[in-house]
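The block underneath contains the structure these notes are about, expressed in structure tokens.
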Amino acid sequence: MIEIKSGADLEKAVAMVGEALGLEVERQVVMGDRIWGPRRHVDVVLSKPDTERMLGIECKYQRSKGTVEEKIPLTVEDMEDWPIRGIVVLHGDGFSRDFRPFLKGRGHIVEFRRLAEWLRFYFRLPRERARQAELLLNGNE
Amino acid sequence: MVDEPAKRPMSRRQLLDGVADIAERLGLFVQKNFVLGHTIWGERRKIDLLVTDSLNAKHLGVVCRFQDKSGTTYEKVPLTLDDIEAWPMRGIVVYEGSGFTEGFRGFLRARGNAIAFDEFDSWLRMFFGLETSDSH
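First to last, the protein sequences are chains A and B. Residues 9 to 149 in my numbering are what the first sequence lists, from first letter to last. Residues 1184 to 1319 in my numbering are what the second sequence lists, from first letter to last.
The following block contains the structure:
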């Protein structure tokens, strides 16, 4: 199982899941400019060799209660402008109870513990390979 | 008579006071921390200032956002703008501080319902149909 205690840990863990699934992994990929101006650095970009399928992932970790979560809708809005599909991967107990379903209702949100399962369908991967990655993520959940 | 221009706020507290002062000087009624239903993400909604023209019962909700340091706190403002769409009356975000980058100010202008503090006085006069400062 992967232990995650920070945003950097989450980014690393997402990259590990991608690698476990046999995907190509790039981190901190510069991809044009954000819709409000600054250079856009996407945390992780996954691609499947020999296909045109790519996915950009922004990692959001929130350990304690706060209002950092309120920035996530803008990230989701920015994704509409990306040249590739994008998702936000969430992890941590700090997200407020009502905010999680609110975010999910907007789409593009995947819980870290469900990432391997989600990627399996997005990249059309064999079930067994996804199972290996899930074990890496969650142990014998 | 020429009104003294409002002093540039140096903190969130000063921004709140500055916005309230502009509205009160125009004869408008101001209520602070007005509780109104729930935000679109489920928590109790506290609007910084509710400005009312008592003559025609026209209301405006104002949320004040101050950021004087670099950082990404301003990225929360678009969510506030989304919430404003669900209010029963018109709302606006008044922002101030060097932490708002030029790019983000342009982005907010394009979104609408957000205005820099130094433009608030004239905006408020237009909104409530009051005499504009240019006409003095």
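Glycine is no exception: its CB is placed at the ideal position from the N, C-alpha and C atoms. What you are looking at is a predicted structure, and each value in this text was computed from that prediction instead of being measured.
Separation of residue j from residue i, as counted between CA atoms
| i | j | result |
| --- | --- | --- |
| Val1260/B | Thr83/A | 12 Å |
| Leu18/A | Thr1255/B | 19 Å |
| Gly1289/B | Gly40/A | 17 Å |
| Val1213/B | Arg122/A | 48 Å |
| Arg1195/B | Asp101/A | 29 Å |
| Val53/A | Asn1239/B | 55 Å |
| Glu11/A | Leu111/A | 24 Å |
| Val1202/B | Lys13/A | 41 Å |
| Ala1269/B | Ile1223/B | 7 Å |
| Leu1199/B | Asn1216/B | 10 Å |
| Leu1211/B | Ser55/A | 58 Å |
| Asp1301/B | Asp1236/B | 21 Å |
| Asp1293/B | Leu1264/B | Here residue 1293/B turns out to be Ala, not Asp, going by the sequence shown. For Ala1293/B and Leu1264/B, the distance between alpha carbons rounds to 12 Å. |
| His33/A | Glu27/A | Residue identity differs from the one stated: residue 33/A is Val in this sequence, not His. Approximately 7 Å between the Cα atoms of the pair. |
| Val76/A | Gln70/A | 8 Å |
| His1319/B | Arg47/A | Confidence is the limiting factor: at His1319/B the pLDDT is only 48, short of 50, which leaves the residue's position unreliable, though a coordinate-based value still follows. Using only the alpha carbons, I get a separation of about 45 Å. |
| Thr1284/B | Leu1291/B | 11 Å |
| Met1309/B | Leu1233/B | 17 Å |
| Arg93/A | Phe1303/B | 39 Å |
| Lys1229/B | His49/A | 34 Å |
CB contact flag (residue i, residue j, <8 Å)
| i | j | result |
| --- | --- | --- |
| Pro1192/B | Phe1249/B | yes |
| Leu143/A | Phe120/A | no |
| Asp1251/B | Gly1286/B | no |
| Asp1266/B | Cys1247/B | no |
| Arg137/A | Leu63/A | no |
| Asp89/A | Ile117/A | no |
| Gly1282/B | Ser1305/B | no |
| Val25/A | Cys67/A | no |
| Glu78/A | Leu1219/B | no |
| Pro91/A | Arg114/A | no |
| Ile1205/B | Leu1243/B | no |
| Glu1226/B | Asp51/A | no |
Exposed unless 16 or more other CB atoms sit within 10 angstroms - verdict on residue i
| i | result |
| --- | --- |
| Ala16/A | exposed |
| Met9/A | exposed |
| Arg128/A | buried |
| Gln36/A | exposed |
| Met87/A | buried |
| Glu1258/B | buried |
| Met1184/B | Because Met1184/B carries a pLDDT of 48, less than 50, the predicted location of this residue cannot be relied on, and no value is offered for it. |
| Gly74/A | exposed |
| Gly1295/B | exposed |
C-beta neighbour in chain C for residue i, strict 8 Å
| i | result |
| --- | --- |
| Trp1224/B | Within the model displayed, chain C is absent; protein chains A and B are what it includes. |
Residue span of the beta strand (DSSP E) that contains residue i, given as start and end
| i | result |
| --- | --- |
| Leu1219/B | Phe1212 to His1221 |
| Tyr130/A | Per DSSP, Tyr130/A belongs to no beta strand (DSSP E); it is in the alpha helix (DSSP H), Leu123 to Phe131. |
| Phe1373/B | Look at the range of chain B in this structure, 1184 to 1319, and you will see that residue 1373/B is not part of it. |
| Gly64/A | Met62 to Tyr69 |
| Glu1207/B | Premise fails: Glu1207/B lies in the alpha helix (DSSP H), Arg1195 to Arg1208, not in any beta strand (DSSP E). |
| Thr1235/B | Arg1227 to Asp1236 |
| Arg35/A | Glu32 to Asp41 |
N- and C-terminal bounds of the alpha helix (DSSP H) containing residue i
| i | result |
| --- | --- |
| Leu144/A | Arg135 to Asn146 |
| Met87/A | Ile80 to Met87 |
| Ile92/A | Per DSSP, Ile92/A belongs to no alpha helix (DSSP H) and is neither H nor E. |
| Val22/A | Gly15 to Ala28 |
| Leu1307/B | Phe1303 to Phe1310 |
| Ile117/A | Where Ile117/A is concerned, there is no enclosing alpha helix (DSSP H), although the beta strand (DSSP E) it sits in stretches over Ile117 to Glu119. |
Check: residue i C-beta below 7 Å from any heavy atom of the ligand MN
| i | result |
| --- | --- |
| Phe1311/B | As far as ligands go, the structure on display features none, and thus does not contain the ligand MN. |
Interface positions of the region 1256 to 1271 of chain B facing chain A (Cβ-Cβ less than 9 Å), listed along the chain: Here the close residues are Thr1256, Tyr1257, Glu1258, Lys1259, Val1260, Pro1261, Leu1262, Thr1263 and Asp1265.
Which residues, in chain order, does the region 73 to 105 of chain A contribute to contact with chain B at a C-beta distance below 9 Å? Hits within the stretch, in order: Thr75, Val76, Glu77, Glu78, Lys79, Ile80, Pro81, Leu82, Thr83, Glu85, Ser104 and Arg105.
In the region 34 to 45 of chain A, which residues sit with their C-beta less than 9 Å from some C-beta in chain B, listed in chain order? Here the close residues are Asp41, Arg42, Ile43, Trp44 and Gly45.
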